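The structure under discussion appears below in the form of structure tokens.
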Amino acid sequence: MSDFAPHPAGYDSTQPAFDWSALLARHERWLRTAVFARLQETDGVDEVMQAVAVAAIRQQAPLLDLNKAAPWLYRLAIWQTLQYRRRAGRQRKLAGNYASALASDESIDTASDPLAWLLADERQQLTRLALERLSRKDAEILLLKYTEEWSYRDLAIHLGISESAVEARLHRARSRLRGELANLNVTGE
537 MSDFAPHPAG YDSTQPAFDW SALLARHERW LRTAVFARLQ ETDGVDEVMQ AVAVAAIRQQ
597 APLLDLNKAA PWLYRLAIWQ TLQYRRRAGR QRKLAGNYAS ALASDESIDT ASDPLAWLLA
657 DERQQLTRLA LERLSRKDAE ILLLKYTEEW SYRDLAIHLG ISESAVEARL HRARSRLRGE
717 LANLNVTGE
């Protein structure tokens, strides 16, 4: 058999061909959120997701049970994210951190914006900063919980962990986020 395996392990040739694009499309949004939580940059998410699709189709780590596709894809996405971060780190080292010197600075036209918008924008920036200060795992589970609006059960299924593990991770992540927000002097509404 060649390196390219278009069907999951245990595939029966009497069954219709497996639709990898449908599987990837069904899980793409939450996988992108998990990848973003680990990378903290939007540019790399597309590259990682492309690598996840290629790895899934090539079956570098075979999917043995289609009912466990979500945790399998999650592990592929995390692996590809780590690979991307390694490559990006090497590129930054070679470029002498050139990219960080060119980081764009958002300019705000304060003359035409109301005070409420300005305060909300500042709060949003501080919340992003607090999220960046959290560990990747904490940021990931918080972003998946609140951007995807998933229940504990949904998180457990997609991440391949127990509901009690999800509950514990979310509790710790929320507590750490509250601590970081307090350090930044961000208070309630």
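All letters in the sequence shown, in the order written, are residues 537 to 725 by our numbering.
Just so it is clear, CB atoms sit at the ideal spot from N, CA and C, and this is done for glycine as well.
Just so we're clear, the structure is a prediction, and the values are computed from it rather than from any experiment.
Does the distance from the CB of Thr617 to the CB of Val584 come in under 8 Å?
Stepping through the sequence shown from its first residue, residue 617 is reached at position 81. Stepping through the sequence shown from its first residue, residue 584 is reached at position 48. Yes.
Quick one, which of Arg626, Val571, Gly625 and Arg714 has its alpha-carbon nearest Gln586's?
Mapped onto the sequence shown, residue 586 falls at position 50. Comparing Cα-Cα distances from Gln586 to each of Arg626, Val571, Gly625 and Arg714, the minimum goes to Val571.
Beta-carbon contacts of Leu713 that lie in its chain and below 8 Å, excluding the five residues immediately before and after:
Residue mapping note: residue 713 aligns to position 177 of the sequence shown, counting from 1. Only Ala666, Leu667, Leu670, Asp674 and Leu678 meet the Cβ criterion.
When you compare the CB positions of Arg710 and Ala573, do they come within less than 8 Å of one another, or not?
Your numbering for residue 710 matches position 174 in the sequence shown. Your numbering for residue 573 matches position 37 in the sequence shown. It is not a contact, given that the beta carbons lie outside the stated cut-off.
Using 10 angstroms around the beta-carbon of Glu716, count the other beta-carbons present and answer buried if the total reaches 16, otherwise exposed.
On the sequence shown, position 180 is the one that residue 716 refers to. The residue in question, Glu716, is buried, as its Cβ has 16 or more Cβ neighbours within 10 Å.
Among residues of its own chain, excluding the 5 on either side of Glu676, which ones have a beta-carbon nearer than 7 Å to its beta-carbon?
Along the sequence shown, one-based indexing puts residue 676 at 140. Ala570, Ala573 and Arg574, listed in sequence order.
Expected contact under 8 Å - CB spacing of Ala592 and Leu609 to nearest Å
For the purposes of this step, residue 592 is taken as residue 56 along the sequence shown, with counting starting at 1. For the purposes of this step, residue 609 is taken as residue 73 along the sequence shown, with counting starting at 1. With a Cβ gap of about 7 Å, Ala592 and Leu609 count as contacting.
At a Cβ threshold of 8 Å, is Arg623 touching chain B?
Given the protein chain composition of this structure (a single chain), no chain B is represented.
Boundaries (first-last residue) of the alpha helix (DSSP H) holding Ile677
Within the sequence shown, numbered from 1, the residue matching residue 677 stands at position 141. Arg672 to Thr683 is the extent of the alpha helix (DSSP H) around Ile677.
Please go through the same chain and pick out, in chain order, the residues whose beta-carbon is closer than 8 Å to the beta-carbon of Val722, but skip the five residues on each side of it.
Position 186 of the sequence shown, counted from the start, is the residue given in the question as residue 722. The residues are Arg659, Leu662, Thr663 and Ala666.
Asp645 in three-state terms, based on DSSP
Your numbering for residue 645 matches position 109 in the sequence shown. Unreliable placement is indicated for Asp645, whose pLDDT of 46 sits below 50; the coordinate value is still reported in the next sentence. If DSSP states are grouped into helix, strand and coil, Asp645 belongs with coil.
Would you check if the segment 690-709 and the segment 617-630 touch, i.e. whether three or more CB-CB distances between them fall below 8 Å?
no
Going by DSSP in three states, Gln576 sits in which element: helix, strand or coil?
Position 40 of the sequence shown, counted from the start, is the residue given in the question as residue 576. In the structure shown, Gln576 sits in coil (DSSP, three-state: anything other than H, G, I, E or B).
I need the straight-line Cα distance from Ala624 to Leu691, nearest angstrom please.
The sequence position of residue 624 within the sequence shown is 88, counting from 1. The sequence position of residue 691 within the sequence shown is 155, counting from 1. Taking the straight line joining both Cα atoms gives about 29 Å.
Rounded separation between Leu600 and Leu630 - CA only:
Residue mapping note: residue 600 aligns to position 64 of the sequence shown, counting from 1. Residue mapping note: residue 630 aligns to position 94 of the sequence shown, counting from 1. Looking at the two C-alpha atoms, the distance is approximately 40 Å.
Would you call the CB atoms of Ala606 and His694 closer than 8 Å?
Locating residue 606 in the sequence shown gives position 70, where the first residue counts as 1. Locating residue 694 in the sequence shown gives position 158, where the first residue counts as 1. Yes; because the gap between Cβ atoms is below 8 Å, this pair is in contact.
Flag Gly696 as yes when its Cβ comes closer than 7 Å to any non-hydrogen atom of the ligand HEM, and as no otherwise.
For the ligand HEM, the structure offers nothing, since it holds no ligand at all.
C-alpha gap between Ala718 and Ala656, whole angstroms
Indexing the sequence shown from 1 puts residue 718 at position 182. Indexing the sequence shown from 1 puts residue 656 at position 120. Answer to the nearest angstrom: the Cα atoms are 17 Å apart.
Run the CB neighbour count on Leu612, radius 10 Å, all protein chains shown included, and call it buried at 16 or more, exposed below.
Here the question's residue 612 lines up with position 76 in the sequence shown. When all chains shown are included, Leu612 counts as buried.
Leaving out the 5 sequence neighbours to the left and right, which residues in its chain are closer than 7 Å to Val581 when beta-carbon positions are compared?
Counting from one through the sequence shown, the residue named residue 581 turns up at place 45. Cβ within range, chain order: Arg568, Val571, Phe572 and Leu575.
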